[in-house]
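Letter by letter, the sequence shown follows residues 1309 to 1441 of the working numbering.
Cβ atoms here follow ideal geometry from the backbone N, Cα and C, with glycine treated the same way.
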Amino acid sequence: MSTHAESVVNEQPTGLEDVVRSVRAVVRASRAVGEASADVLERELAMAISISEQIRDNVFSEKMLEEARTEGLPARLRSDAHRALDLAADAGAIVYHSALAFLENFADERRAPLATLNPASTTLNTAKPASKG
1309 MSTHAESVVN EQPTGLEDVV RSVRAVVRAS RAVGEASADV LERELAMAIS
1359 ISEQIRDNVF SEKMLEEART EGLPARLRSD AHRALDLAAD AGAIVYHSAL
1409 AFLENFADER RAPLATLNPA STTLNTAKPA SKG
């Protein structure tokens, strides 16, 4: 029963570099999973857009679409929506790139190892109660 407690007590203290090495592995694995998930999501979105375009092309004539795209207010709204979507995509790409760079730099930065802790030489300083003399 006490073997578990003994093995924990007898373990060498883990240094900060060991912890960072583990974090580095988790960051890299998480990035791979995240990129794979994003790729699947992007393919599904592209497929949905392609199907929607095919439906649109089968329902509306080319002439009707051209008139709707070039006429006054709808044309300006279409242009504004495209510009807004480009801005959102740029902002998202910058946030994505910055977050990845931060995480990779944080995980890859080398840190000095912690001093080995020796429980026998470590003493705790405790406050002594003041005498009410």
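Between residue 1377 and residue 1391, the CB-CB gap reaches or exceeds 8 Å. For the pair residue 1329 and residue 1416, the CB atoms are not nearer than the 8 Å cut-off.
Secondary structure in the stretch 1322–1377: the alpha helix (DSSP H) runs of 4 residues or longer, each lying completely within the stretch, are 1324–1367 in chain order. Looking at 1327, 1342, 1324, the one whose alpha-carbon comes closest to that of residue 1407 is 1342.
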